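Participant: In numbering that gives the first Met the number 0, the protein residues as written are 0 to 270.
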Amino acid sequence: MTIRLVLAGCGNMGYAMLSGWLKSGKVPPAAVFVVEPNDDLRKRAEALGCGAATNAAAIPADAVPALVVIAVKPQVIRDVTAAYKRFGDGRTTFVSIAAGTPVATFEAILGHRAPIVRCMPNTPAAIGKGMMVVFSNPLVSDDARRFVADLLSASGEVATIDDESLMDAVTAVSGSGPAYIFHFIEALTVAAERAGLPTKTAKLLAMQTVYGAASLAAESGEEPGLLRQQVTSPNGTTAAALAVLMGEERLTKLLTEAVGAARLRSIELGK
């Protein structure tokens, strides 16, 4: 079968996305070629039925893949991407999931005829619950945009932005955001323990409460503010807790400061 997609890098995120593509039937295994120098990671991809090799030179000379997905660490992005310059004639669309690496970097390496999509995923993509945000340069065709969006949808929700500078805000909100939620679960667990609950029960209550509330918010179609009001009886226990969290916009201010710090760091790393 003709190679339709080349995946450069099959670490945790690359493998998670690849697994989602194959399980959803978005692309058949035989149409995927994985380039991964690590033996264990490469064999893991081969076990899914994909073609695989240690370097890009092994890709058949007559191959013209629809997509080349770059899924490696930002610090090696230039060396890795340079190996795919032969596909930069405009027939192949490149998709990068490397954090902090602008489209201009890929254009400088691949040439200014290359259609490029920059994507910021997050770790829940590993279970099909991710948030992927994409920015495309003007050379990406409508068909390629649809194909990329459909492919990424196997890993979760997909949103598009038209201003690449907003990627720093995206990184700060959804890219880094899972860590904020994990820490909230940690903090709620500690609070539950300090309220007298056994550790095992405290962990279960914190985890399931966050999971259930997020699921309800996602599936109900109601605004989070309305859902909050529905839980909050006047002068009740929830109102007492929210007076602490919402007083002087305490939590909002803290999260705004946290997102701001992450955004500034993303800008620094991009330079």
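Glycine included, each C-beta is placed from N, C-alpha and C at the ideal position. Here the structure is a predicted model, which is why all the values come from computation and not from measurement.
1. Are the segment 92 to 108 and the segment 116 to 129 in contact at 8 Å, needing three or more beta carbon pairs?
2. I need the straight-line Cα distance from Ala15 to Val31, nearest angstrom please.
3. So, are the CB atoms of Leu21 and Leu47 less than 7 Å apart?
4. Comparing alpha-carbon positions, which option in Arg144, Ile108, Ala261, Ala148 lies nearest Gly174?
5. What residue range is occupied by the uninterrupted beta strand (DSSP E) comprising Ala60?
6. Does the Cβ of Phe86 have 16 or more other Cβ atoms within 10 Å, making it buried, or fewer, making it exposed?
7. Tell me whether Met206 is buried or exposed, calling it buried when 16 or more other Cβ atoms sit within 10 Å of its Cβ.
8. Would Ala148 and Ser23 qualify as a contact pair, given that the criterion is a beta-carbon distance under 7 Å?
9. Applying the 10 Å Cβ sphere with the 16-neighbour rule, what's the burial state of Phe181?
10. Please report how far the alpha carbon of Leu138 lies from the alpha carbon of Thr255, in whole angstroms.
11. Is the beta carbon of Thr236 closer than 7 Å to that of Val230?
12. Answer with buried or exposed for Asp167, where buried requires no fewer than 16 other C-beta atoms within 10 angstroms of its C-beta.
13. May I ask which residues mark the beginning and end of the alpha helix (DSSP H) holding Thr208?
14. Which residue from Thr53, Ala60, Val63, Glu163 puts its Cα closest to that of Val79?
15. I need the DSSP call for Thr92, collapsed to helix, strand or coil.
16. Taking Cβ positions, are Met130 and Leu151 nearer each other than 7 Å?
17. Exposed or buried, what is Tyr83 when buried is set at 16 or more other beta-carbons lying within 10 Å of its beta-carbon?
18. Should Asn11 be labelled buried (16 or more other beta-carbon atoms within 10 Å of its own) or exposed?
Facilitator: With the structure as the only source:
1. yes
2. As a position in the sequence shown, residue 15 is number 16, starting the count at 1. As a position in the sequence shown, residue 31 is number 32, starting the count at 1. Distance between the alpha carbons of Ala15 and Val31: 14 Å.
3. As a first step, residue 21 must be located in the sequence shown, where it is residue number 22. As a first step, residue 47 must be located in the sequence shown, where it is residue number 48. Going by C-beta atoms, Leu21 is nearer than 7 Å to Leu47.
4. Counted from its first residue, the sequence shown places residue 174 at position 175. It is Ala261.
5. Taking the sequence shown and counting its residues from 1, the one referred to as residue 60 is at position 61. Segment: none, Ala60 is in no beta strand (DSSP E) and carries neither H nor E.
6. Counted from its first residue, the sequence shown places residue 86 at position 87. Phe86 is buried by the Cβ-count criterion.
7. Within the sequence shown, residue 206 is the residue found at index 207, counting from 1. That one is exposed.
8. Locating residue 148 in the sequence shown gives position 149, counting from the first residue. Locating residue 23 in the sequence shown gives position 24, counting from the first residue. In this structure, Ser23 does not lie closer than 7 Å to Ala148 by Cβ.
9. Translated into positions along the sequence shown, residue 181 becomes position 182. Counting Cβ neighbours within 10 Å, Phe181 comes out exposed, since fewer than 16 surround it.
10. Position 139 of the sequence shown, counted from the first residue, corresponds to residue 138. Position 256 of the sequence shown, counted from the first residue, corresponds to residue 255. If you take the alpha carbons of Leu138 and Thr255, they lie about 35 Å apart.
11. Taking the sequence shown and counting its residues from 1, the one referred to as residue 230 is at position 231. Taking the sequence shown and counting its residues from 1, the one referred to as residue 236 is at position 237. No.
12. Walking along the sequence shown from the start, residue 167 turns up at place 168. Buried.
13. Within the sequence shown, numbered from 1, the residue matching residue 208 stands at position 209. Counting along the chain, the alpha helix (DSSP H) containing Thr208 begins and ends at 198 to 219.
14. Within the sequence shown, residue 79 is the residue found at index 80, counting from 1. Answer by Cα proximity: Thr53.
15. Taking the sequence shown and counting its residues from 1, one reaches residue 92 at position 93. DSSP places Thr92 in strand when its eight states are reduced to three.
16. On the sequence shown, position 131 is the one that residue 130 refers to. On the sequence shown, position 152 is the one that residue 151 refers to. Cβ distance not < 7 Å, so Met130 and Leu151 don't count as in contact.
17. As a working mapping, residue 83 is identified with position 84 in the sequence shown. Its Cβ being crowded by 16 or more others within 10 Å, Tyr83 is buried.
18. Along the sequence shown, read from residue 1 onward, the residue named residue 11 stands at position 12. By the neighbour-count rule (16 or more Cβ atoms within 10 Å), Asn11 is not buried but exposed.
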